[in-house]
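Taking the working numbering, I'd label the letters of the sequence shown as residues 535 to 852.
The C-beta atom is built at its ideal place from N, Cα and C for all residues, glycine as well.
Read the structure below first, then the notes.
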Amino acid sequence: MILEKMNNNYTGAPKVLLTIMSYNRGAFLKNLIDSILANFEITYDLLIYDDNSDDCLTLGVLHEYNRYVAKIELSGNNAKHKGLYSNMRSAYNLAASKDYDLLFIFQDDTQVIRKFDNQELSSIHDFFNYHDSTYQIACTFFKKNHQKPYANLLDYDKDFDMFTPKASNENYMLGIADMGIYAMNKLKNKGWKFEDSEGVNLKKGIEQNMHRAIMRFPFLAFLPWPSVYRYSGTIIKRAYLKFSDWYFNAGFHPLNVINEQQQKVISERRGFEIIFEDDILQLRGGYKLTEPWNFYASVFEWKRRAKTVLGLKKYRSA
């Protein structure tokens with residue numbers, strides 16, 4: 535894989551590689567790219583890691599933004615699809631070899647919803663240096679339909695406006711997850727390598743005392759009720775997927791960007807505040823969803839509701 539043109543305008547600022555993991559979600563991908571270009575006021579290198587998408591819309595978006603698409607050599611068993619974790623390893627290895635300070639990994643069903651500037655970037659870089667056990671920062675919102683006892687699990691750092699895991703916390707926000715901001719020098723010193731499962735990466739990170747922090751006021755949001763990119767499998771499975779998407783009105787639901795005044799107000803009210811994106815964000819065009827916001831495939835909502843009814847819900851590490 536070759537990054538054909540690197541940015542030479544860092545001038546002392548943290549050196550950032552921003553990567554997008556993409557597969558067959560053209561509208562989502564374009565929305566994310568456009569939101570980054572419109573709202574990131576920092577210097578960065580952008581790369582799209584696409585897993586050999588084959589739908590026309592995604593191919594059109596990749597052609598439109600070809601200058602950002604990672605050139606990946608496929609061979610052997612990976613001749614068709616590299617897979618998420620192989621692409622994450624490629625991004626990590628590039629960031630390590632080119633001495634980037636920070637690696638951003640975004641998934642294509644997210645959107646930048648406010649401005650992100652050099653002051654905030656420097657604060658993130660300083661935060662990593664100050665908190666020795668933090669190797670990753672989550673830059674997306676807490677999920678209202680997956681709430682946890684946050685006051686028992688997290689401490690709040692007012693100086694950096696970040697949440698960190700309590701010392702008594704046994705697994706929440708511990709280990710390394712699939713998406714966020716990664717401190718490259720610290721990961722390199724640990725000899726880190728992404729494995730082929732988030733569960734394995736979380737477990738490996740926990741064993742090495744590697745923690746994740748969470749931004750109180752994130753700049754990235756998942757799009758609510760994302761549709762399945764393709765209905766495949768048996769007739770019964772396809773019918774189940776289609777019915778679930780129809781029932782929950784799943785689809786492509788882009789978000790309005792927070793204006794500068796609203797961003798200023800939220801940024802300045804520092805404290806132990808849990809912000810859910812559906813409380814402060816609105817869908818583009820005034821569109822309304824009848825169901826509370828969900829951020830996974832609609833079929834998983836049935837499972838979540840069943841677990842809630844049966845009293846089986848419990849907070850997880852991820």
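One or two residues paired with P760 in a DSSP bridge: Taking the first residue of the sequence shown as 1, we reach residue 760 at position 226. Answer by DSSP bridge pairing, in chain order: G785.
Within 9 Å, strictly: CB atoms of M749 and A840: The sequence position of residue 749 within the sequence shown is 215, counting from 1. The sequence position of residue 840 within the sequence shown is 306, counting from 1. In terms of Cβ geometry, M749 and A840 do not form a close pair [threshold 9 Å].
Beta strand (DSSP E) segment containing V550, residue limits: Against the sequence shown, residue 550 aligns to sequence position 16. Where V550 is concerned, the enclosing beta strand (DSSP E) starts and stops at V550 to S556.
Spatial distance of L800 from N652 (CA atoms): The count along the sequence shown starts at 1 and reaches residue 800 at position 266. The count along the sequence shown starts at 1 and reaches residue 652 at position 118. In the sequence under discussion, the amino acid at residue 800 is Ile, which differs from the Leu named in the question. Inter-residue distance for I800 and N652 is about 18 Å (C-alpha atoms, whole angstroms).
Where the alpha helix (DSSP H) through A630 begins and ends: Sequence index remark: in the sequence shown, residue 630 carries index 96 (1-based). Its alpha helix (DSSP H) spans residues L618 to S631.
Counted within 10 angstroms of its Cβ, other Cβ atoms place D813 as buried (16 or more) or exposed: By one-based count along the sequence shown, residue 813 stands at place 279. D813 is exposed by the Cβ-count criterion.
Counterpart residues of P699 in DSSP-defined beta bridges: The count along the sequence shown starts at 1 and reaches residue 699 at position 165. Secondary-structure assignment with DSSP links P699 through a beta bridge to L688.
Buried versus exposed, by CB contacts within 10 Å (16 or more), P683: The residue you call residue 683 lines up with position 149 of the sequence shown. Exposed.
Inter-stretch contact at 8 Å, needing at least 3 Cβ pairs: the stretch 554-569 / the stretch 594-601: Yes, since at least three Cβ pairs between the stretch 554-569 and the stretch 594-601 fall closer than 8 Å, the two stretches touch.
Segment contact, 8 Å Cβ cut-off, at least three pairs: the stretch 727-736 with the stretch 679-695: With the cut-off at 8 Å, the stretch 727-736 and the stretch 679-695 do not touch.
Touch test, the stretch 640-652 against the stretch 787-798, Cβ-Cβ under 8 Å, three pairs minimum: Taking 8 Å as the limit for Cβ pairs, the verdict is that the stretch 787-798 does touch the stretch 640-652.
From D712, F834 and S832, residue whose alpha carbon lies closest to that of L618: The count along the sequence shown starts at 1 and reaches residue 618 at position 84. If we check each option's Cα against that of L618, D712 comes out closest.
Chain-order list of residues whose beta-carbon lies under 6 Å from that of F806 (same chain, five-residue window excluded): What you label residue 806 is simply residue 272 of the sequence shown in a count that begins at 1. Within the same chain, Y690 come within 6 Å of F806 by CB-CB distance, once the 5 residues on both sides are set aside.
Exposure label - A666; buried when at least 16 CB within 10 Å: Position 132 of the sequence shown, counting from 1, holds the residue named residue 666. The question names Ala, yet the displayed sequence has Asp at residue 666. With fewer than 16 Cβ atoms within 10 Å of its Cβ, D666 is classed as exposed.
I639 (DSSP reduced to helix, strand or coil): On the sequence shown, residue 639 is found 105 positions in, with the first residue counted as 1. DSSP places I639 in strand when its eight states are reduced to three.
Simplified DSSP state of I715, which is helix, strand or coil: Position 181 of the sequence shown, counted from the first residue, corresponds to residue 715. Assigned with DSSP and collapsed to three states, I715 falls in strand.
Exposure label - G546; buried when at least 16 CB within 10 Å: Position 12 of the sequence shown, counted from the start, is the residue given in the question as residue 546. By the 10 Å Cβ count, G546 comes out exposed.
Whether I740 touches Q670 by CB criterion (9 Å): In the sequence shown, the residue the question calls residue 740 occupies position 206. In the sequence shown, the residue the question calls residue 670 occupies position 136. No. Outside cutoff.
Close Cβ partners of L708 (< 8 Å) along its chain, the five nearest in sequence each way excluded: Your numbering for residue 708 matches position 174 in the sequence shown. Within the same chain, L708 has close Cβ partners P699, L736, G739, I740, M744, H745, R746 and S851.
Delimiting residues of the alpha helix (DSSP H) encompassing H659: Taking the first residue of the sequence shown as 1, we reach residue 659 at position 125. Counting along the chain, the unbroken alpha helix (DSSP H) around H659 starts and ends at N652 to Y664.
Boundaries of the beta strand (DSSP E) in which Q670 is found, first to last residue: By 1-based counting over the sequence shown, the position of residue 670 is 136. T668 to A672 is the extent of the beta strand (DSSP E) around Q670.
Y578 versus V550 - alpha carbon distance: Here residue 578 corresponds to residue number 44 of the sequence shown, with the count starting at 1. Here residue 550 corresponds to residue number 16 of the sequence shown, with the count starting at 1. Taking the straight line from one Cα to the other gives about 5 Å.
Element boundaries [alpha helix (DSSP H), containing V646]: One-based indexing of the sequence shown puts residue 646 at position 112. The continuous stretches of alpha helix (DSSP H) do not include V646, which lies in the beta strand (DSSP E) extending over residues T644 to V646.
Inter-residue Cα distance where the pair is T768 and L757: Within the sequence shown, residue 768 is the residue found at index 234, counting from 1. Within the sequence shown, residue 757 is the residue found at index 223, counting from 1. Rounded to the nearest angstrom, the two C-alpha atoms are 28 Å apart.
Neighbourhood of Y821 by C-beta, 7 Å cutoff - its chain only, sequence neighbours within 5 removed: As a first step, residue 821 is located in the sequence shown; it is residue number 287 there, counting from the start. Within the same chain, Y821 has close Cβ partners H787.
Per-residue DSSP class, three states only, for A547: Within the sequence shown, residue 547 is the residue found at index 13, counting from 1. A547 falls in the coil class under three-state DSSP.
Counterpart residues of M749 in DSSP-defined beta bridges: As a first step, residue 749 must be located in the sequence shown, where it is residue number 215. For M749, the pairing in a beta bridge is given by DSSP as M696.
Residue range of the beta strand (DSSP E) that includes L581: On the sequence shown, position 47 is the one that residue 581 refers to. L581 -> beta strand (DSSP E) spans D579 to D584.
C-alpha gap between P752 and I554, whole angstroms: Position 218 of the sequence shown, counting from 1, holds the residue named residue 752. Position 20 of the sequence shown, counting from 1, holds the residue named residue 554. A straight-line Cα-Cα distance of about 17 Å links P752 and I554.
Rounded Cβ spacing between L580 and I570 (contact assumed at less than 8 Å): Position 46 of the sequence shown holds residue 580. Position 36 of the sequence shown holds residue 570. Correct: roughly 7 Å between the Cβ atoms.
Backbone CA spacing between G610 and I567 [nearest angstrom]: Taking the first residue of the sequence shown as position 1, residue 610 is located at position 76. Taking the first residue of the sequence shown as position 1, residue 567 is located at position 33. Per-residue confidence for G610 stands at a pLDDT of 46, beneath the threshold of 50, marking its modelled position as unreliable; no derived number is given.
Span of the alpha helix (DSSP H) around D568: The residue given as residue 568 occupies position 34 in the sequence shown. G560 to N573 is the extent of the alpha helix (DSSP H) around D568.
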